[in-house]
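Worksheet: the structure to be examined is printed underneath.
Printed below as a string of structure tokens:
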């Protein structure tokens, strides 16, 4: 079956009859069909010997085969390993005369399945199988129950596993809602997770070091400007925002990239360049693998192979092909460096680092603060000393304290440029102390230094703004893109956005209420920022706040009505009448 499907697919691909999506979807479908067919036969064989594992409702329990990587993302290569993780819902014992524990049964079943799919025979093999992405890797059990898997993720799950499980997809089994409830909060955090930048940056550095060590710079997957860098760009935004934006909880890279442009997370030209490079590199990857049915992403050395590759990619010669390849890789490297560039100024390198770290005598520190423009340098220096010696600061996790230390010299400098430097610094310090244990918010301010400047300006302009940010620190994310922050509200679009959120959370009243609160806070914050920037007349601001209240009421009414016992009416026949400032559109 594999040989027949692949022969047909290669002809269609090289004949320009199939695009990249068809090629990867076909390879993925072949793997899924093969796995399901083999699993069904092996399950019957093993159950005949040892009995069938059963669910509490007396239905047969099945092995849950989770496809990871490109298999999970419906992006499988022509000659690729398939990354599998084996899970099962509960512990227990099979029903036969020679019973096994569920663990023993499913471990044995997983071993047989891996062997059947990957065994090399005179007719070749079906797919190479890799199970090293399971908990504890090669040293871990081949199959694991849901409760044990959840315990592992909570206690031992690492950042790279969050990245890996973005693409995790159950290919077989039942009770998959239980599995999704375990995986989703591990991968997609409830709040914005800017820690992902540092984690992905370090993971990429490890890969880059390994590429250099093994002299694989020409590897189009792992080398500079390769496929992995495009995937990292897409997935870091998924890790950061997927918990807040369910649409980003998708698996295929080519589906994620356009969403980043649509949401203003990446410029349109960057997404176009990355998408074009991804298609080019994946097509090239397939052609490299067609040569010898080998899992390779390295350019060939032989002249004949080079000529085949150039021709199959639509180029007259290898030099022309290399020029196009290098152009794509340069584009990818440039955009990768822009997304993952390390913060420009580490706290220890800043000219004011010594001031924050207490390395100066009091007189010298006060003179430096006075020179920056602070009105009461003694009081400011005392506040800095109090923070450094406070229990809240000294008991911070090391990573949080390092980020706090990175931020402080820049904050002292930024606040000094505001109209009321002493007051501005005090307000921002109150905010930072409030969020100091929330590593993601500190990471946001470190990764985006311009956002710290915007925080300082807002806090300088309004004590209410400073208090509002401290109460709702998730709004710090709104400061990243001033185009969106200062754009006038598009009420039809906002109405559609809120309706989509309510639909996505249908049945979960608590999360719907949280989503409405966050929606209201976000829009209010945008209006606050626009008011402080002087771009909104008072009358317009009141109109917008009244429109926001009306929109929230419109969204709340059908949700409340759905929970009311009703006899003949699906739609409520009553009006909500606003009085006072709402009625007069004077909020």
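In the numbering used here, the protein residues as written are 6 to 592. For every residue, glycine included, the Cβ atom is placed at its ideal position computed from N, Cα and C.
Is it buried or exposed, residue 576, if we count other Cβ atoms within 10 angstroms and call 16 or more buried? Taking the chain shown and counting its residues from 1, the one referred to as residue 576 is at position 571. With fewer than 16 other Cβ atoms within 10 Å, it is exposed.
Within the segment 378-418, note down every full alpha helix (DSSP H) run reaching 4 residues or more, in order along the chain. Entirely contained in the segment 378-418, the alpha helix (DSSP H) runs reaching 4 residues are, in chain order, 382-394 and 396-399.
Assuming contact is defined by CB atoms lying nearer than 8 Å, are residue 170 and residue 192 in contact in what I supplied? As a position in the chain shown, residue 170 is number 165, starting the count at 1. As a position in the chain shown, residue 192 is number 187, starting the count at 1. Cβ distance < 8 Å, so residue 170 and residue 192 count as in contact.
I need the boundaries of the alpha helix (DSSP H) containing residue 187, first residue and last residue. Taking the chain shown and counting its residues from 1, one reaches residue 187 at position 182. Residues 181-192.
CA-CA distance, residue 376 and residue 537? Numbered from 1 along the chain shown, position 371 holds the residue referred to as residue 376. Numbered from 1 along the chain shown, position 532 holds the residue referred to as residue 537. Looking at the two C-alpha atoms, the distance is approximately 28 Å.
In whole angstroms, what separates the C-alpha of residue 395 from that of residue 401? The sequence position of residue 395 within the chain shown is 390, counting from 1. The sequence position of residue 401 within the chain shown is 396, counting from 1. Answer to the nearest angstrom: the Cα atoms are 10 Å apart.
Burial state of residue 366, where buried means 16 or more other Cβ atoms lie within 10 Å: Looking up residue 366 in the chain shown gives position 361. So residue 366 counts as exposed.
Cα separation between residue 182 and residue 268? Numbered from 1 along the chain shown, position 177 holds the residue referred to as residue 182. Numbered from 1 along the chain shown, position 263 holds the residue referred to as residue 268. CA-CA distance, residue 182 to residue 268, rounds to 28 Å.
Given 8 Å as the limit, is there contact between the segment 544-562 and the segment 522-532, that is, 3 or more CB pairs closer than that? Because the criterion of three Cβ pairs below 8 Å is met, the segment 544-562 and the segment 522-532 touch.
Nearest residue (CA-CA) to residue 95, options 54, 109, 150 and 559: Within the chain shown, the letter at position 90 stands for residue 95. Looking at the Cα atoms, 150 is the closest of the given residues.
Nearest neighbour of residue 335, chosen from 55, 71, 43 and 229 [CA to CA]: Working through the chain shown from its first residue, we reach residue 335 at position 330. For residue 335, the nearest C-alpha among the options comes from 229.
Under a CB-based cut-off of 8 Å, is residue 9 close to chain D? Considering every chain present, this structure includes no chain D. It has just one protein chain.
Would you call residue 152 buried or exposed, if buried means 16 or more other Cβ atoms sit within 10 Å of its Cβ? One-based indexing of the chain shown puts residue 152 at position 147. That one is exposed.
Between residue 381 and residue 427, which are expected to be in contact by the criterion C-beta below 8 Å, what is the C-beta distance as a whole number of angstroms? Against the chain shown, residue 381 aligns to sequence position 376. Against the chain shown, residue 427 aligns to sequence position 422. About 6 Å separates the CB atoms of residue 381 and residue 427; that is less than 8 Å, so the two are in contact.
Residue 482 and residue 197 - do their beta-carbons sit closer together than 8 Å? Taking the first residue of the chain shown as position 1, residue 197 is located at position 192. Taking the first residue of the chain shown as position 1, residue 482 is located at position 477. It is a contact, given that the beta carbons lie within the stated cut-off.
Give the secondary structure of residue 125 by DSSP, where H, G and I count as helix, E and B as strand, and everything else as coil. Against the chain shown, residue 125 aligns to sequence position 120. Coil, per DSSP.
Can residue 114 and residue 14 be called in contact, C-beta distance under 8 Å? Position 109 of the chain shown, counted from the start, is the residue given in the question as residue 114. Position 9 of the chain shown, counted from the start, is the residue given in the question as residue 14. No. Outside cutoff.
Would residue 134 pass as a contact of residue 119 if the rule is Cβ separation under 8 Å? Taking the first residue of the chain shown as 1, we reach residue 134 at position 129. Taking the first residue of the chain shown as 1, we reach residue 119 at position 114. A distance below 8 Å separates the beta carbons of residue 134 and residue 119.
How long is the line joining the alpha carbons of residue 520 and residue 247, rounded to whole angstroms? Taking the chain shown and counting its residues from 1, one reaches residue 520 at position 515. Taking the chain shown and counting its residues from 1, one reaches residue 247 at position 242. Going from the Cα of residue 520 to the Cα of residue 247 covers about 14 Å.
Other residues of its chain near residue 379: CB distance less than 8 Å, five sequence neighbours each side excluded: Locating residue 379 in the chain shown gives position 374, counting from the first residue. Same-chain partners within the cutoff: 385, 421, 426, 427 and 430.
Beta strand (DSSP E) containing residue 72: first to last residue? Taking the chain shown and counting its residues from 1, the one referred to as residue 72 is at position 67. It spans 69-73 - the beta strand (DSSP E) in which residue 72 sits, taken as one unbroken run.
Burial state of residue 306 (16 or more Cβ within 10 Å): Position 301 of the chain shown holds residue 306. By the neighbour-count criterion, in which 16 or more other beta carbons inside 10 Å mark a residue as buried, residue 306 falls on the exposed side.
Check residue 211 in the structure and name its three-state DSSP category. Here residue 211 is taken as the residue at index 206 of the chain shown, counted from 1. If DSSP states are grouped into helix, strand and coil, residue 211 belongs with the helices.
Helix, strand or coil for residue 106 per DSSP? Here residue 106 refers to the residue found at position 101 when the chain shown is read from its first residue. Looking at residue 106 - three-state DSSP - the assignment turns out to be strand.
Counting along the chain, where does the beta strand (DSSP E) carrying residue 148 start and finish? Along the chain shown, read from residue 1 onward, the residue named residue 148 stands at position 143. Its beta strand (DSSP E) spans residues 148-150.
Between the beta-carbon of residue 81 and the beta-carbon of residue 32, is there less than 8 Å? The residue labelled residue 81 in the question sits at position 76 within the chain shown. The residue labelled residue 32 in the question sits at position 27 within the chain shown. With contacts defined by Cβ atoms closer than 8 Å, residue 81 and residue 32 form a contacting pair.
Hey, quick one: how far does the beta strand (DSSP E) through residue 91 stretch, first residue to last? Counted from its first residue, the chain shown places residue 91 at position 86. 86-93 is the extent of the beta strand (DSSP E) around residue 91.
Please state if the CB of residue 138 and the CB of residue 37 are separated by a distance shorter than 8 Å. Along the chain shown, read from residue 1 onward, the residue named residue 37 stands at position 32. Along the chain shown, read from residue 1 onward, the residue named residue 138 stands at position 133. Between residue 37 and residue 138, the C-beta spacing is not below 8 Å.
Taking a contact to mean a Cβ-Cβ separation below 8 Å, would you say residue 92 touches residue 160 in this structure? In the chain shown, the residue the question calls residue 92 occupies position 87. In the chain shown, the residue the question calls residue 160 occupies position 155. Not in contact: residue 92 and residue 160 (Cβ atoms no closer than 8 Å).
Compare the C-alpha of residue 555 against each of 304, 497 and 509 and name the closest. Counting from 1 along the chain shown, the entry for residue 555 is found at position 550. Checked all of 304, 497 and 509; the closest Cα to residue 555 is 497.
Note down the Cα distance separating residue 184 from residue 52, rounded to an integer number of angstroms. If you number the chain shown from 1, residue 184 lands on position 179. If you number the chain shown from 1, residue 52 lands on position 47. Using only the alpha carbons, I get a separation of about 24 Å.
Count the other CB atoms, across all protein chains shown, that sit within 10 Å of the CB of residue 215; report buried if there are 16 or more and exposed otherwise. Taking the chain shown and counting its residues from 1, one reaches residue 215 at position 210. Burial call: exposed.
How would you label residue 495, buried or exposed, when you count the other beta carbons within 10 angstroms and need 16 or more for buried? As a first step, residue 495 must be located in the chain shown, where it is residue number 490. So residue 495 ends up on the exposed side.
Relative to the alpha-carbon of residue 390, which residue among 359, 408, 407 and 415 has its alpha-carbon at the smallest distance? Indexing the chain shown from 1 puts residue 390 at position 385. Answer by Cα proximity: 359.
Answer with buried or exposed for residue 579, where buried requires no fewer than 16 other C-beta atoms within 10 angstroms of its C-beta. By 1-based counting over the chain shown, the position of residue 579 is 574. Flag for residue 579 reads exposed.
Applying the 10 Å Cβ sphere with the 16-neighbour rule, what's the burial state of residue 290? Counting from one through the chain shown, the residue named residue 290 turns up at place 285. With 16 or more other Cβ atoms within 10 Å, it is buried.
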